[in-house]
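As structure tokens, the structure follows; a few thoughts come after it.
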Amino acid sequence: MTPFLTRRRLLVGSAATLGAIGLTGCDDVVQNSNVQSVLEMAEQLTIRSQRLLVPKDKLAREFSEADISPTFRPNGTSQPDSEDYARMTENGFSGWRLKIDGLVERPVELSLADLKKLPSRTQITRHDCVEGWSAIGKWTGVPLGPILQSAGLKPGARYAVFYCADELEQTLDGSGTYYESIDLIDAFHQQTILAYALNGKNLEVAHGAPLRLRVERHLGYKHAKYLMRIEIKDTFSGLWGGKGGFWEDRGYEWYAGI
Ligand SMILES: Nc1nc2c(c(=O)[nH]1)N[C@H]1C(S)=C(S)[C@@H](COP(=O)(O)O)O[C@H]1N2
Ligand SMILES: [Mo]
42 MTPFLTRRRL LVGSAATLGA IGLTGCDDVV QNSNVQSVLE MAEQLTIRSQ
92 RLLVPKDKLA REFSEADISP TFRPNGTSQP DSEDYARMTE NGFSGWRLKI
142 DGLVERPVEL SLADLKKLPS RTQITRHDCV EGWSAIGKWT GVPLGPILQS
192 AGLKPGARYA VFYCADELEQ TLDGSGTYYE SIDLIDAFHQ QTILAYALNG
242 KNLEVAHGAP LRLRVERHLG YKHAKYLMRI EIKDTFSGLW GGKGGFWEDR
292 GYEWYAGI
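Written out as structure tokens, the structure reads:
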């Protein structure tokens with residue numbers, strides 16, 4: 042967590058600098074005595090300052106074949122324990138479908154074969170986990186933008202929410218389903234893909250079979266594994282803890298830009 046917190050402080054610092062030159066209303070942040078809302082405003086500033094500092098189509102660094110890590114460590118869930126998931130693995134995921142719905146003109150259900158027929162993208166990138174490890178891997182999958190474009194976004198669409206097949210850790214409030222969300226800038230970024238292969242082989246269960254998100258400018262926890270459904274929404278406030286992701290509901294930042 043330490044490098045993450047340090048970065049966060051740096052970014053809040055840069056937001057404060059932008060405030061000092063009149064781009065944001067930092068005085069309001071300083072005067073607000075409610076700690077939680079100060080933190081939330083700081084996070085909004087972090088998002089805004091990163092969006093100002095990082096052009097929206099800037100690419101994450103890509104590496105060469107020689108840089109690929111000999112082992113790519115799995116993290117979080119490495120085997121979803123539901124019966125539904127077990128049944129899908131037995132059939133080589135032939136019964137699995139990715140649902141895309143919500144604020145779209147044409148909701149779709151795509152099989153793995155459907156996805157593999159679409160134009161693909163392969164990228165060798167570094168995955169950074171907040172727990173302090175990184176690994177370089179070669180991911181192949183379908184860019185998310187064109188899929189959303191063909192589904193047709195409805196007015197009001199702001200976020201893509203990713204629902205996963207696993208319950209990472211159920212807490213007292215009954216929540217535990219892994220989920221994530223990104224805004225449409227990241228959804229339409231060139232390197233945002235729905236990946237079905239790692240290092241030239243179909244994804245292993247440990248890495249999120251049959252399909253996982255790669256959203257390369259973000260930290261590891263944004264890269265949702267075991268995708269079942271993508272819902273386009275105008276807000277994620279009604280979902281579980283309301284913060285837009287499993288780890289966000291437990292205190293991590295929603296905007297996990299690297
Ligand atoms: N569905 C789901 N997605 C997940 C997780 C998880 O537990 N469940 N863990 C996240 C975290 S913290 C990391 S670092 C990466 C790990 O991906 P890997 O297992 O392929 O290394 O997946 C992310 N996506
Ligand atoms: Mo992670």
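According to the working numbering, the stretch in the sequence shown is residues 42 to 299, in order. Every residue, glycine too, gets a C-beta built ideally from N, C-alpha and C.
Cβ neighbours of residue i in the same chain (closer than 6 angstroms, five flanking residues each side left out)
i, result
"Gly282", "Asp290"
"Leu156", "Val183"
"Tyr219", "Cys205, Asp207, Leu209 and Phe287"
"Val71", "Summary for Val71: the model assigns pLDDT 40, below 50, so the residue's position carries little reliability; its value from the coordinates is reported in the next sentence. Once the five neighbours on either side are set aside, Val71 has no close Cβ partner at all."
"Arg89", "none"
"Arg162", "Pro184 and Ile234"
Contact check, residue i vs residue j, beta carbons under 9 angstroms
i, j, result
"Leu139", "Ile273", "no"
"Ala297", "Lys266", "no"
"Ala236", "Thr181", "yes"
"Phe113", "Val202", "no"
"Gln190", "Arg255", "no"
"Leu239", "Lys179", "yes"
"Pro121", "Glu208", "yes"
"Ala198", "Val145", "yes"
"His230", "Asp98", "yes"
"Phe134", "Leu153", "yes"
"Ala192", "Ile141", "yes"
"Val171", "Gly285", "no"
"Ile188", "Leu225", "no"
Residue environment, residue i, which counts as buried when at least 16 other CB atoms sit within 10 Å
i, result
"Ala107", "exposed"
"Arg253", "buried"
"Ala206", "buried"
"Ser18", "Outside the displayed span of the chain (42 to 299) sits residue 18, for which this structure offers no information."
"Ile223", "buried"
"Lys242", "exposed"
"Leu244", "buried"
"Glu221", "buried"
"Ser105", "exposed"
"Ala83", "buried"
"Pro251", "buried"
"Lys195", "exposed"
"Leu213", "exposed"
"Glu131", "exposed"
"Ser123", "exposed"
"Pro249", "Before going further, note that residue 249 is Gly rather than Pro in the sequence given. That one is buried."
"Arg117", "Just to set this straight, residue 117 is Gly in the shown sequence, not Arg. Gly117 should be labelled buried."
"Gly143", "buried"
Own chain residues within Cβ distance below 8 angstroms of residue i, not counting five before or after
i, result
"Thr233", "Pro184, Leu185, Gly186, Ile223, Asp227, Leu254, Arg255, Val256 and Glu257"
"Gly279", "none"
"Ala247", "Pro115, Ser119 and Gln120"
"Thr166", "Ala101, Arg102, Glu103, Phe104, Ile177, Gly178, Trp180, Gln232, Arg255 and Glu257"
"His168", "Phe113, Ser175, Ala176, Ile177, Gly178, Gly261 and His264"
"Thr47", "Low per-residue confidence applies at Thr47: pLDDT is 42, beneath 50, and the placement is therefore not dependable, though the value from the model is reported in the following sentence. Around Thr47: no qualifying Cβ."
"Arg147", "Ser191, Ala192 and Gly193"
"Ile62", "Reliability fails at Ile62, whose pLDDT of 34 lies under 50, so the model's placement of it is uncertain and the value that follows must be treated cautiously. No residues qualify anywhere along the chain."
Sequence-distant residues of its chain with Cβ nearer than 7 angstroms to residue i (five each side left out)
i, result
"Gly217", "Glu208, Leu209, Glu210 and Gln211"
"Met129", "Gly136 and Trp137"
"Pro96", "none"
Any non-hydrogen atom of ligand 3 within 8 angstroms of residue i CB
i, result
"Lys158", "Looking at this structure, you won't find ligand 3 anywhere; what it does contain is ligand 1 and ligand 2."
Exercise. Where are the alpha helix (DSSP H) runs, 4 residues long or more, that stay fully inside the segment 136-206, in chain order?
Worked result: Taking 4 residues as the minimum length, the alpha helix (DSSP H) runs contained wholly in the segment 136-206 are 153-158 and 185-192, in order along the chain.
For this session: Report all residues for which the CB-ligand distance to some heavy atom of ligand 2 is below 6 angstroms; order them along the chain.
Result: Asn116, Cys170, Val171, Glu172, Gly261 and Tyr262
For this session: Please list the segments of the alpha helix (DSSP H) lying wholly inside the segment 267-297, counting only runs of 4 or more residues, in order along the chain.
Result: The segment 267-297 contains no complete alpha helix (DSSP H) run of 4 or more residues.
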